[in-house]
Amino acid sequence: MTSRIPDKATVDGLEDRWNEAWEAAGTYRFDESKTREQVYSIDTPPPTVSGSLHVGHVFSYTHTDVVARFQRMRGREVFYPMGWDDNGLPTERRVQNYYGVRCDPTLPYVEGYEPPFEGGEGKSVKAADQQPISRRNFVELCERLTAEDEKQFESLWRHLGLSVDWSRTYQTISPSSQAVAQQAFLRGLWRGECYQAEAPTLWDVTFRTAVAQAELEDRERPGAYHRLAFEPAADMEEATGSYESVWIETTRPELLPACVALVAHPDDARYQGLFGKHVRTPLFGVEVPVVAHHLANPEKGSGIAMICTFGDVTDVTWWRELRLPTRPVIGWDGRMLPDAPAGISSEAGLAAYGELAGLTTFSAQKRIVELLSEAGVLDGAPRPINHPVKFFEKGDKPLEIVTTRQWYIRNGGTDAALNAELVARGSELDFEPDFMRVRYENWVRGLTGDWLISRQRFFGVPIPVWYPVLADGSPDYENPLVPSEESLPVDPSVDVPAGFEASQRDVPGGFTGEKDIMDTWATSSLTPQIVCGWRDNPALFAATFPMDLRPQGQDIIRTWLFSTVVRSHAEHGTLPWKHAAISGWILDPDRKKMSKSKGNVVTPMGLLETHGSDAVRYWAAAARLGTDAAFDEGQMKIGRRLAMKVLNASKFVLGATGIATAADSSLEAGIAAADTIAAGSVTEPLDRAMLTALADVVDAATTALEKYDHTRALEVAETLFWTFCDDYLELVKTRAYDGAAPGEAIDPYAPCSPAAASARTALTLALGTFLRLLAPVLPFATEEVWSWYRPGSIHRTPWPESAPLREAAGEASQGAPLLAAAGEALSVLRKVKSEAKVSQRTPLVSVDLLVPAAKAGFVRASEPDLLAAGRVESMQIVDTEAALEPNVDGLGSEDGSSDEIADPTVMRTENAVLAEA
RNA sequence: GGGCCCUUAGCUCAGUUGGUUAGAGCACUGCGUUUACACCGCAGGUGUCGUCGGUUCGAGUCCGGCAGGGCCCA
210 MTSRIPDKAT
220 VDGLEDRWNE
230 AWEAAGTYRF
240 DESKTREQVY
250 SIDTPPPTVS
260 GSLHVGHVFS
270 YTHTDVVARF
280 QRMRGREVFY
290 PMGWDDNGLP
300 TERRVQNYYG
310 VRCDPTLPYV
320 EGYEPPFEGG
330 EGKSVKAADQ
340 QPISRRNFVE
350 LCERLTAEDE
360 KQFESLWRHL
370 GLSVDWSRTY
380 QTISPSSQAV
390 AQQAFLRGLW
400 RGECYQAEAP
410 TLWDVTFRTA
420 VAQAELEDRE
430 RPGAYHRLAF
440 EPAADMEEAT
450 GSYESVWIET
460 TRPELLPACV
470 ALVAHPDDAR
480 YQGLFGKHVR
490 TPLFGVEVPV
500 VAHHLANPEK
510 GSGIAMICTF
520 GDVTDVTWWR
530 ELRLPTRPVI
540 GWDGRMLPDA
550 PAGISSEAGL
560 AAYGELAGLT
570 TFSAQKRIVE
580 LLSEAGVLDG
590 APRPINHPVK
600 FFEKGDKPLE
610 IVTTRQWYIR
620 NGGTDAALNA
630 ELVARGSELD
640 FEPDFMRVRY
650 ENWVRGLTGD
660 WLISRQRFFG
670 VPIPVWYPVL
680 ADGSPDYENP
690 LVPSEESLPV
700 DPSVDVPAGF
710 EASQRDVPGG
720 FTGEKDIMDT
730 WATSSLTPQI
740 VCGWRDNPAL
750 FAATFPMDLR
760 PQGQDIIRTW
770 LFSTVVRSHA
780 EHGTLPWKHA
790 AISGWILDPD
800 RKKMSKSKGN
810 VVTPMGLLET
820 HGSDAVRYWA
830 AAARLGTDAA
840 FDEGQMKIGR
850 RLAMKVLNAS
860 KFVLGATGIA
870 TAADSSLEAG
880 IAAADTIAAG
890 SVTEPLDRAM
900 LTALADVVDA
910 ATTALEKYDH
920 TRALEVAETL
930 FWTFCDDYLE
940 LVKTRAYDGA
950 APGEAIDPYA
960 PCSPAAASAR
970 TALTLALGTF
980 LRLLAPVLPF
990 ATEEVWSWYR
1000 PGSIHRTPWP
1010 ESAPLREAAG
1020 EASQGAPLLA
1030 AAGEALSVLR
1040 KVKSEAKVSQ
1050 RTPLVSVDLL
1060 VPAAKAGFVR
1070 ASEPDLLAAG
1080 RVESMQIVDT
1090 EAALEPNVDG
1100 LGSEDGSSDE
1110 IADPTVMRTE
1120 NAVLAEA
């Protein structure tokens, strides 16, 4: 017969063993029959599978799992699905590089297509070398690769010990997710939240797609002010009686042909006489007005600026508020349009534009500077500056602004009433930690436009509309054709709208499909609706929504969190969740944020294998929500040691109580023995004190976890556990063995002394409590021990309560102070031997233990245990105050150290006599 | 330019409503193979609480200024 409890405990290999067992037993399977009150539902943001996992993921997902395990043990049915965010641009880019292909929607589908190669080894393939393939072939490759990536993700998460219900994984690109995204879109269309508009749009020229406000970032870029002269027009000359030029400074001289006005601040004295009059643009000779607007900065350049359609977002504001004409010069490819914009009509102007047409903005700037210079309208050399420029966060070139038809969702960016409602929603949400709330509020209050959701890309959820084709062959965008909700998901480029035939596609009198797809966020903002079964499972939806918890990183408050609130507010008139738990960043040892681009990431699987999952989880759980944490392998080593300690201390407790003896014959016998011993009575003061201290810790840990403070809960449990191991176990060891010989199997049912029985009962109660307190953080080690002598999974066992411990400890328990005093006494006895550099086994023939009066009772109550643990043959307990008096034994002792007056509040020893070695 | 967070031992961090002499772990040093554990145990030293000022009988803690670090938004 093999022993149930191993001779040599180890944390290695527990992950695979327990993951298999949990899967087989359905330990984390969600029970759909439960009601909303019984359920705790968690909306984990699905990670982007095309990005690699890093320790930051392990960190924040562990925080969530600790909450999930705690709530499950508290009796809540935990709804904890996991998904993969696989649609969108990151996947497209990865597929392009991995397979060496490129999507060309004009190409036909090829059956059984195989890409030129596989596993691009992370190198990017030049666009020219990529094989063009049809959209459907491209999407198939996206699906093939994400399926592979998802397997790796799941394997890592399982290894980490996430207590996810793996039968409920979902993908944001799956047909059912697409149907949810499309249904939410259509309902928004009916309610008026989703709309299309022809408007200036931030545009990435590399990816050739529109970009939303949330995807922007400012980057410092070098630029230069060019000082240009505008000639006054006739009305200005008349008004001012002067022929002097107006000098402006611009960083984008190539936009001069797109100039529609000059603007200065209304209070700027220098330009008062010019407002309402006109000037002529250099080179192009276009007459434009001088206008006033408060956004013009008198401090900047010459205080007067040119407005172009469009150089930046301020131009858009001016254009809109001042109702200026549109004269675009930049195309979707980032090059100057072939034809001069309206307004340029002179021969010289058209010729000048001809010099620029087709050039990139970079080349166009060089060329126009030459032209301006030759014309003598450029004053001096350009003045270099550094200034912030808007970029797509995933892009490499500055964004341009082009005017296109796009789809939007109202998010409070253009509507003060909706903005106020969304701010109010944010104040209903319980942010953990609370200060993260301001990020939400700052963002919502600072919105400048609605949410642009259409993308001119391929791998994503199609916008589910068609348009009638008018007699002249142009689409009638005003009257989109929509599918029924039952028919979702649809792909308008393949499916045909009701009442039409496939042959009518793209012909006058027929229809045309919308080609754009939705932004990834337009789907991932609907994860509560996707996982809770909004579209197809009303019972599940009622049992899980609104959800309890949204855990996430601080970086996506303005994007993911906010957009999810927007959708839930619109569709359900409620928050999507009650709590938002915000994890911090992982910083590398140089205090820099870990990120792929910095090349300082550590692969998570390697860490888990080196230190063990419990150890890595310990490191993560020791960091508070909202606080950045250092990547610290030292902390993982401590976690590993704690897990090892759990195994070894448990071995001791089970051995000394005799439970191990019973458990070795069968699990049932072990369970019965543990139940019998746990039901015994605790009579010794030290045992009672330990149980009271433990009850206090149970209360503190429970309160902390209820407040989403997993760090505090771990800290109090861990601290007492080490005291339990280092002091309490050492003190009661001899008593608990009750004279059993080394190696002798203890019979749990054999009669023993009442003092031994007291220790055994206390040990059994304490072990069961400590294991459960630590189970959320160390799921593997605690489950391992639980399996030695307890029924079922510890992770489905009720969270410990303090009341039974207090009852066992009894009214008379002296609590934590007695435990502390006994530990302190043990420590000073050890110190005698440590300072004498002898083994702790060396007997102390006699010793005086000087104890402050306040602690004397505690020490006397644990005296027999102290004698045994310290191998003391004779001990006198002396009052520290009394020992300071003359003529009292203890003063001027031979170990009589120094002139220092001994601190009467601290225990110490005197007159120690050690046995000969 | 506006906002948020942080600054405590060599390192990583606790320090709750202001209250004795500011704590823990790691690292370091010495000792020790004990019927749980060498992936171990025991013992030991370690501080201008960033800085200047204010409130208070009393400030690491509350208030203000400054410096440094990180993040978000313009």
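Heads up, the first sequence is in the numbering used here, so the first residue is 210 and it goes up one at a time.
Every residue, glycine too, gets a C-beta built ideally from N, C-alpha and C.
Item                                                                                                                                                                    : Value
Please name the residue, chosen from L565, E496 and P317, that lies closest to S554 on a Cα-to-Cα basis.                                                                : E496
Hey, N296 and V670: beta-carbon distance below 8 Å or not?                                                                                                              : yes
Excluding the five sequence neighbours on either side, which residues of its own chain have a C-beta within less than 8 Å of the C-beta of P537, listed in chain order? : A467, T518, F519, L546, P550, V611 and T612
If you run the structure through DSSP and keep just helix, strand and coil, what is F750?                                                                               : helix
How is S250 classed by DSSP in three states: helix, strand or coil?                                                                                                     : strand
Going by the DSSP bridge assignment, what does F979 pair with across the sheet?                                                                                         : Its beta-bridge partners do not exist; DSSP assigns none.
Apart from the five residues on each side of it in sequence, which residues of its chain come closer than 8 Å, Cβ to Cβ, to L425?                                       : L411, K599, F600, F601, E602 and L608
Which residue marks the beginning of the alpha helix (DSSP H) containing T300, and which one marks its end?                                                             : L298 to Y308
With respect to the alpha helix (DSSP H) encompassing E842, which residues constitute its N-terminal and C-terminal limits?                                             : E842 to T866
Does the structure place the segment 812-831 close enough to the segment 982-992 that three or more beta carbon pairs sit under 8 Å?                                    : yes
Around the C-beta of G718, are 16 or more other C-beta atoms found within 10 angstroms, so that it is buried, or is it exposed?                                         : exposed
Kindly identify the DSSP beta-bridge partner or partners of H596.                                                                                                       : R430
Since D936 sits in a beta bridge, which residues does DSSP pair it with?                                                                                                : DSSP output for D936 lists no bridge partner at all.
With DSSP as the reference, label Y649 as helix, strand or coil.                                                                                                        : helix
To the nearest angstrom, how far is the alpha carbon of P772 from that of R529?                                                                                         : In the sequence under discussion, the amino acid at residue 772 is Ser, which differs from the Pro named in the question. So the two alpha carbons sit approximately 26 Å from each other.
Short check: CB of L1035 to CB of G1079, under 8 Å?                                                                                                                     : yes
Do D841 and W828 have their beta-carbon atoms positioned less than 8 Å apart in this structure?                                                                         : yes
By the three-class DSSP mapping on this structure, what secondary structure does T623 have?                                                                             : coil
What does a CB cutoff of less than 7 Å around E974 pick up in its chain, not counting 5 residues either side in sequence?                                               : Strictly speaking, residue 974 in this sequence is Leu, with Glu absent from that position. For L974, where only same-chain residues beyond five positions count, the Cβ hits under 7 Å are A887, L900, L1014 and A1017.
Take S454 as the anchor and find which of Y434, I513 and R428 has the nearest alpha-carbon.                                                                             : I513
For A625, count neighbouring Cβ atoms within 10 angstroms of its own Cβ and tell me buried if that reaches 16, exposed if not.                                          : exposed
Below 8 Å between beta carbons: does that hold for A871 and A882?                                                                                                       : yes
Could you have a look at R1069 and say whether DSSP puts it in helix, strand or coil?                                                                                   : helix
Go ahead and pull the three-state DSSP assignment for D745.                                                                                                             : coil
Three or more C-beta pairs closer than 8 Å, one from the segment 751-758 and one from the segment 243-253: is that the case here?                                       : yes
Return helix, strand or coil for K942, following the three-state DSSP convention.                                                                                       : helix
Just reading off the alpha helix (DSSP H) that Q391 is part of, what are its end residues?                                                                              : P384 to R400
Which runs of the alpha helix (DSSP H), 4 residues or longer, sit entirely within the segment 457-507?                                                                  : none
CA-CA distance, A711 and T460?                                                                                                                                          : 51 Å
If distances are taken between C-alpha atoms only, which option among E349, V499 and H781 comes closest to K486?                                                        : V499
Hey, out of Q615, P593, L661 and P325, whose CA is closest to L431's CA?                                                                                                : Checking the displayed sequence, the identity of residue 431 turns out to be Pro instead of Leu. Among Q615, P593, L661 and P325, the Cα nearest to that of P431 belongs to P593.
So what's G635 in DSSP terms, helix, strand or just coil?                                                                                                               : helix
Among residues of its own chain, excluding the 5 on either side of V862, which ones have a beta-carbon nearer than 6 Å to its beta-carbon?                              : L972 and L976
Rounded to the nearest angstrom, how far is the Cβ of G879 from that of W997, given a contact under 8 Å?                                                                : 7 Å
When we look at the beta-carbon of N346 and count the other beta-carbons within 10 Å, is it buried (16 or more) or exposed?                                             : buried
Would you mind sorting E650 into buried or exposed? The rule is 16 or more other CB atoms within 10 Å of its CB.                                                        : exposed
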